[in-house]
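Here the sequence shown is numbered in the numbering used here, starting from 613 and rising by one per residue. Heads up, the beta-carbon is just placed ideally off N, CA and C, and yes, glycines get one too. Report on the following structure.
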Amino acid sequence: MVLHTGQPSPSFTGTDEQGNRRSLVDYRGRWLLLYFYPKDDTSGCTAQACGFRDRSVELQGKVEILGVSADSVESHLTFKTKYSLPFPLLADTDRTIIQTYGATKEELGKRVSFLIDPEGVIRKIYTGIDCEKHAEQVVQDMKDFIGMT
Numbered sequence: 613m614v615l616h617t618g619q620p621s622p623s624f625t626g627t628d629e630q631g632n633r634r635s636l637v638d639y640r641g642r643w644l645l646l647y648f649y650p651k652d653d654t655s656g657c658t659a660q661a662c663g664f665r666d667r668s669v670e671l672q673g674k675v676e677i678l679g680v681s682a683d684s685v686e687s688h689l690t691f692k693t694k695y696s697l698p699f700p701l702l703a704d705t706d707r708t709i710i711q712t713y714g715a716t717k718e719e720l721g722k723r724v725s726f727l728i729d730p731e732g733v734i735r736k737i738y739t740g741i742d743c744e745k746h747a748e749q750v751v752q753d754m755k756d757f758i759g760m761t
């Protein structure tokens, strides 16, 4: 499935690192950055996640962050704990969400993010992501979308 800006985001339900079920509908009324990454605790994925962690105070109350990869619940818990990540990570071990969002790339997932508005509409799709600068780009885009200061 090829997704485009301006279209409704596909629904999903997955399990986070704490064993909690999370769905798109849970984020209705709030901005959501749904970011897909290849693998826990690899250099690029760690840089990307820590970038969001480091900008979390700026983003708090403006946009929710939800990471997704095919890693297990246990792997996500270890990764989240090791780097003190303040946002949930979905364990999409059967790759259903990854496939629905077109974030597939051979064995590992593809690095792609979706900025979804409070009505569930995709407002921006990030591809060709620079792991070190992705959080900064999201902060800037949120300033553009909602006048965040």
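Asked, Found
"Run of the alpha helix (DSSP H) containing Thr-712, from where it starts to where it stops", "708-712"
"C-alpha gap between Pro-700 and Cys-657, whole angstroms", "14 Å"
"Any C-beta of chain C under 8 Å from that of Thr-658", "This model lacks chain C altogether; it includes just one protein chain."
"Delimiting residues of the alpha helix (DSSP H) encompassing Arg-640", "No alpha helix (DSSP H) holds Arg-640; DSSP gives it neither H nor E."
"Thr-761 to Ser-687 span [Cα, whole Å]", "Caution applies to Thr-761, whose pLDDT of 49 falls short of 50 and renders its modelled position unreliable; the value that the coordinates give is listed next. C-alpha separation (whole angstroms): 35 Å."
"Unbroken stretches of the beta strand (DSSP E), 3 residues or longer, contained in the segment 666-713", "675-681 and 701-703"
"Bridge partner(s) assigned by DSSP for Pro-625", "The sequence shown places Thr at residue 625, rather than the Pro named in the question. Looking at the DSSP assignment, Thr-625 forms a beta bridge with Ser-635."
"Per DSSP, cross-strand counterpart(s) of Lys-736", "Leu-727"
"Cβ separation of Ser-696 and Arg-665, assumed to be a contact under 8 Å, to the nearest whole Å", "7 Å"
"Run of the alpha helix (DSSP H) containing Val-750, from where it starts to where it stops", "746-758"
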